[in-house]
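Heads up, the sequence shown is in my numbering, so the first residue is 13 and it goes up one at a time.
For glycine and all other residues, C-beta sits at the position ideal for the given N, C-alpha and C.
Everything on this sheet refers to the single structure shown next.
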Amino acid sequence: MFFPTVLAVYFALGRLRAELCNGWLLLSSLFFYGYWDITFLPLLIGSIAVNYIIARLILRRRSKIFFIVGLSFNIGLLGVYKYSNLGLILPLGISFFTITQLLYIYDCYAGVSKDHGLVNYALFVSFFPHLMAGPILYHRQMFKQFDNPALRSPEWQNLSSGLILFTIGLIKKVMIADQLSPYVGEGFGSTATLDCLTAWLTSISYMLQLYFDFSGYSDMAVGLSKMMNLDIPINFNSPYRASSMINFWQRWHISLTNAITACVYMPIIRRLKTRTLGHTVTASFIAFFIVGIWHGAGWNFVVFALLNAIGIVVNYVWKFYNRSMPKPLAHVVLLAYVLLTMIFFRAESIDNALEMIAAMVGANGIVFPQKIVTLASMFGVDLTVGNVPGSLDKIIFALAIGLVAFAPNSNQLTKKIAPSPIWAAATAVALFIAVLHLSRVTEFLYFQF
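As structure tokens, this is what we get:
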């Protein structure tokens, strides 16, 4: 009931007095956040208030002191909740609403932003489609739309494409990611005893689960915003079809990559003045190490950060010396390396990750399901039979691989679909089926960051 109500009142206010729409969206966003856990609502409101004051002080005086205060406040807030040993519950979306405000403060200090008023600023930070898990918003794009009264009337093309994209995102979440979740949980919960085949299936299943879960949320966020005539950044562009680490991060969590590139990588390059291989390597390593540790506390995240930073650096060195690799081979190498990084991303600890990797190289032996053993015996090949544990939905697993390998991504698909009664009926049926799969409470994986 929440979004239909928000949408109806939003467009009704647009006909009466367009400037009230932003206030309505702000109240709706705060209600949305408070509905999850109202005890953290004061934290969100306080963060917005402090950052708005700091931003105004920076805009008035362009003082480096206020900029440092702003950085310290936001990084300190993340540090207290994510890296301290105080046992605090992690507030939902803290990484996203904090980095959004860090980017705004950075642009205020750089002189490329201005004061748009408290209501618009608070809405920019708390806008409910992106608040929990992104995409990360950019003030120049969003304030321009918040100030445009022409966007306060229904646009049937936007309503149609937004609903389709939202439905695709929901299907990704509940019909693919959530179906893989039990198998992934079983596998990572018993890494010390996994056989080789099950370890590989578990790791690949997580790789698929994370993509369909996170990109599904992003599709839903973009779709909801589109229905309100608001464009927010696209966050995924078929990342598993990349053939290099650089290209992968240009396709995966695009809004984070762009933010770190603009605010960390490029300032380092400008400070070093000359763009040599050594300077590029240094800036890349620092930028992507920050990307890694931004995701969470724990040594496994540090290893995740290091692996990604090393991968990016090797990619730059490879390009610098004009080395080449056949595209199919490059694609396989990239996927294998990304799989390695994601094992550390998912594991509860470094030991847990190392146990998974050991199982994947056969430390616990290799067994096969009876069907494969029987088939192999027809060709004179003897395999070890065993009861491969787990609850992997083989149809969903195969479908997920087929979609990431061959199907157009959700944004490409939405652009190809023109509004029509047939597509309206198909979307309604798909949405109904997806809602029926909401039989259990599951959070999006990125809610924990």
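Distance, Gly88 Cα to Gly308 Cα: 14 Å
C-alpha gap between Phe158 and His128, whole angstroms: 10 Å
Cβ-based neighbour list, Glu367, same chain, cut-off 6 Å, excluding 5 preceding and 5 following: Thr203, Ala204
Alpha helix (DSSP H) segment containing Phe14, residue limits: 14-28
Any non-hydrogen atom of the ligand PLP closer than 8 Å to Ile266 Cβ: In the structure shown, the ligand PLP is absent, as is every other ligand, since no ligand is present at all.
Cα-Cα separation between Asp190 and Tyr229, rounded to whole angstroms: 12 Å
Sequence-distant residues of the same chain with beta carbon closer than 6 Å to Trp311, five excluded per side: Ile362
C-beta contact flag for Val303 and Thr353 at 9 Å: no
CB of Lys238 within 9 Å of CB of Leu143, strictly: no
Beta-carbon proximity of Tyr223 to Tyr252, cut-off 9 Å: yes
Own chain partners of Arg37 with C-beta closer than 6 Å, once the 5 adjacent residues on each side are dropped: A small correction: the amino acid at residue 37 is Leu; Arg does not occupy that position in the sequence shown. For Leu37, where only same-chain residues beyond five positions count, the Cβ hits under 6 Å are Leu135.
Leu213 and Gly199 closer than 9 Å at C-beta: yes
Buried or exposed by the 16-neighbour rule on C-beta atoms within 10 Å, applied to Met390: exposed
Asp363, DSSP secondary structure in three states: helix
Sufficient close CB pairs (3 or more, under 8 Å) joining the stretch 24-33 to the stretch 115-128: no
Sufficient close CB pairs (3 or more, under 8 Å) joining the stretch 322-331 to the stretch 159-172: no
Chain-order list of residues whose beta-carbon lies under 7 Å from that of Ala30 (same chain, five-residue window excluded): Pro161, Arg164
Reference Ile148, options Ser107, Ser403, Arg74, closest by Cα: Ser107
Whole-angstrom C-beta distance between Ala67 and Tyr116, which should lie under 8 Å: 6 Å
Secondary structure of Asp405, DSSP reduced to three states: coil
Simplified DSSP state of Glu455, which is helix, strand or coil: coil
Within 9 Å, strictly: CB atoms of Ile183 and Ile445: yes
Beta carbon of Leu220 nearer than 9 Å to that of Leu192: yes
Sub-9 Å separation of Ala254 and Phe260 beta-carbons: yes
Exposed unless 16 or more other CB atoms sit within 10 angstroms - verdict on Lys76: exposed
Beta-carbon proximity of Ala295 to Ile305, cut-off 9 Å: no
Contacting residues, own chain, Cβ-Cβ under 6 Å from Lys339 (five flanking each side not counted): Ser255
Local conformation of Ala430 per DSSP, three classes: coil
Beta-carbon proximity check, Lys285 vs Asp225, cutoff 9 Å: no
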